[in-house]
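*Asks:* Residues in the sequence shown are numbered consecutively from 1, following this note's numbering. Don't be surprised by glycine CBs; every beta carbon is placed ideally from N, CA and C.
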Amino acid sequence: MFAIVQSGGKQYRVSEGDVIRVERVNADAGTTVELPVLLLQGENTLVGEGVQGKLVKAEVVAHGLSKKIYVRKYKSGIQYRRRNGHRQQFTTLKITALG
């Protein structure tokens, strides 16, 4: 059995016991969060109105920062050069129950 859930504007295919990395969620480590279900696949497939009110429960494992990336700007002919770095925040979730 699996479900398609939405978090941070992205969709993830999850099963019970899976560990996923999503955009940062405002919850402390060790707490439980609920994610809305878009599709639920098991013996029967539920989609649309069939999954209204269904939620997937997940435990917040940890928060972190991804690998740093550098963005460079350059304009030829003049001495204009800029370099900025960015580290995206993420949250690791463990799926505990499907809705």
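If we count Cβ pairs, one from each stretch, closer than 8 Å, do we get three or more for the region 84-99 versus the region 18-31?
*Replies:* yes
*Asks:* Tell me whether the beta-carbon of Arg81 lies closer than 7 Å to the beta-carbon of Lys68.
*Replies:* Working through the sequence shown from its first residue, we reach residue 81 at position 81. Working through the sequence shown from its first residue, we reach residue 68 at position 68. For Arg81 and Lys68, no; Cβs fall outside 7 Å.
*Asks:* Determine whether the beta carbon atoms of Ile78 and Glu16 lie at a separation below 7 Å.
*Replies:* The count along the sequence shown starts at 1 and reaches residue 78 at position 78. The count along the sequence shown starts at 1 and reaches residue 16 at position 16. Contact flag unset, no.
*Asks:* Between Gln11 and the rest of its own chain, which residues show a CB-CB distance below 8 Å, the 5 nearest in sequence each way excluded?
*Replies:* Stepping through the sequence shown from its first residue, residue 11 is reached at position 11. Closer than 8 Å at Cβ, skipping near neighbours: Ile4, Val5 and Leu38.
*Asks:* My output table needs one value for Gly48: the three-state DSSP class, helix, strand or coil.
*Replies:* Reading the sequence shown from its first residue, position 48 is the one you call residue 48. In this structure, Gly48 counts as helix in the three-state DSSP scheme.
*Asks:* In three-state terms, what does DSSP make of Gly30?
*Replies:* If you number the sequence shown from 1, residue 30 lands on position 30. Coil, per DSSP.
*Asks:* Cα-Cα, which of Val22, Gly85 and Phe2 is closest to Val60?
*Replies:* Along the sequence shown, one-based indexing puts residue 60 at 60. Answer by Cα proximity: Val22.
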